[in-house]
Every structure is written in structure tokens, then in C-alpha cells.
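Participant: With the first letter of the sequence shown counted as 1, position 172 gets the number 431 in my numbering; the numbers rise by one all the way through. First, the structure itself, so that you have it in front of you.
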Amino acid sequence: MIDSRRTATVTGVFFLVAAFPAMAALALYQPVLGDGSYVLGTGSDAGIRLGAFLEILVAVSVAGTAITLYPVLRHRHSGFALGYVCGRLLEATLIVIGILALLAVLTLRDGVAGADDGALVATGRALVALHDWTFLFGPNVALGVNTVLLAWLLLRSGLVPRWIPALGLVAGPLIFVSATAVLAGLYDQVSLPGTLAALPVFAWEMSLAVYLVARGFRGAVPASTPAVERGAPVPA
260 MIDSRRTATV TGVFFLVAAF PAMAALALYQ PVLGDGSYVL GTGSDAGIRL
310 GAFLEILVAV SVAGTAITLY PVLRHRHSGF ALGYVCGRLL EATLIVIGIL
360 ALLAVLTLRD GVAGADDGAL VATGRALVAL HDWTFLFGPN VALGVNTVLL
410 AWLLLRSGLV PRWIPALGLV AGPLIFVSAT AVLAGLYDQV SLPGTLAALP
460 VFAWEMSLAV YLVARGFRGA VPASTPAVER GAPVPA
């Protein structure tokens, strides 16, 4: 049996955790993201490590939203529900790769015996670039596709008011198009156009999260299909 109220609350909390720590982590990462010679510097790197921890929470929460929603959504359209799970797992994986890239910069900063300063800077910048690309393809490209999938499923199921998935169906393509523009070099991801394009998807996730925590799902959530006992007749 599915405890729909608990599932809705946990899903809403996952969406909240996936959003706010991500913004804090981006701010904490600025010393390494904005300084090409950070790998040669000294001083505390506690902020970077805290940012990495926060992003681990984000990755777990991103995966958690899909895992908790799958038992509810698979009764509406199992194929799209499974696609949403796979998409969110891909998004979480890209986030983790970005975390590892920045932690590798810290390893280089701690000192590599006999390493040339120029080589350290080049390697550090390459690792930061890897993080930047995962930041684009995870919380932008993959997020845009995942937003459309979930919004469509919620619109068809009627589990939340129609205006919430309608917002998602606008926000998802918008952030995907913005990511495409960044990929084409039209503007930077962390810029005014990039931020404006991200606001609707933030509004979509927060609206969905608050509604699920405060109200739960609308209507009845189907229970899991019971297994057929061995030897029992199968209904026609």
C-alpha cells in the first residue's frame, strides 16, 4: 500500500532540499570558480568542502524526488515515470561528477610533489571547466527535460492543481533553451539572462514542493498491484 500523504511530504522536502543547498554551494564555490590560480593559493578550503557536502545533499534529493514519485506515477504512465527516474538519476550523477572535479582541485592545492606550477594551474582550470559543464548539462539540460516529463505526468494525473504542471511545461523548455544558448556561447550560464531563465523552473519546483508538503496529492493514489500467488488462477 502507498501512504500517499507521507510520500507527498517526503517528495516536497526533497524538492526543497534540492534547491536551497544548491544555491548556497554555488556561493561557497566562488573562490575556486572565479580564480584560475586558486590551486596555487594557501589558506582554508573549508568553504569548498562545505559546498561539496551541500551538493551531495542536492544529488541525493534530486534522485529522491524520482524514487518517491515513481510508485505514484507509474500507474498513470509507467514508461514516462521510468523515464523521469532515469533522467533524475542522470542529473544527480552529473552533479556528483562536478563535486569530484572540485574536490580534485583541493587535492592538487594540498601539494603534488615535483609538480610544475603551470601544470597545476592548467589541470586545476580543466577540472573547474569540467564542473562548469556538469553544472550546465545537469541542473539545466537534464533538469529541463525532467521538468517537462514530471509536469506532463502531473497534468495527466490530476494529482496537483493544473496551474502547477502548466508552470512546469513553460519552465522546462525555457531553461533547456537557455542551456542551449549557453552551449552556443551566446551568454554565460551565471549571468542575468541565465538567471532569468532559471527563475520559472525555481518557481515551479517551489510551488510543487510547498503544495505537496502542505496539502499532499489530490484524489486517490492507486495502491501497488498485488502479486499473483503461484498456482492461483489469473483473472481473465
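Yeah, the Cβ is synthetic: ideal placement off N, Cα and C, and Gly gets one too.
1. Leaving out five residues before and five after L316 in sequence, what residues of the same chain have Cβ atoms less than 7 Å from its Cβ?
2. Taking the C-alpha atoms as reference points, what is the distance between G417 and L285?
3. Only counting the same chain, and skipping five residues up and downstream in sequence, which positions put a Cβ closer than 6 Å to that of R264?
4. Going by DSSP in three states, G300 sits in which element: helix, strand or coil?
5. Counting Cβ pairs closer than 8 Å, one from the stretch 384–396 and one from the stretch 345–360, do we hit at least three?
6. Answer yes if the stretch 316–329 comes into contact with the stretch 360–372, meaning at least three C-beta pairs across the two stretches below 8 Å, and no otherwise.
7. So, at 6 Å on beta carbons, what are the nonlocal neighbours of R384 in its own chain, with the 5 sequence-adjacent residues on each side left out?
8. So, using beta-carbon positions, are W422 and F339 closer together than 8 Å?
9. Heavy atom of the ligand COA less than 7 Å from the Cβ of L379, yes or no?
10. Exposed or buried, A443, counting other C-beta atoms within 10 Å across all chains shown (16 or more means buried)?
Facilitator: Looking at the coordinates:
1. So the qualifying residues of the chain are V276, P280.
2. Their backbone Cα atoms lie some 35 Å apart in a straight line.
3. Residues G475 of the same chain have their beta carbon placed closer than 6 Å to that of R264, with the five preceding and five following residues left out of the count.
4. G300: coil per DSSP, three-state reduction.
5. Enough Cβ pairs lie closer than 8 Å, so yes.
6. Short answer: they don't touch.
7. Contacts found: G295.
8. For W422 and F339, no; Cβs fall outside 8 Å.
9. The model on display carries no ligand, and the ligand COA is accordingly not part of it.
10. It counts as exposed.
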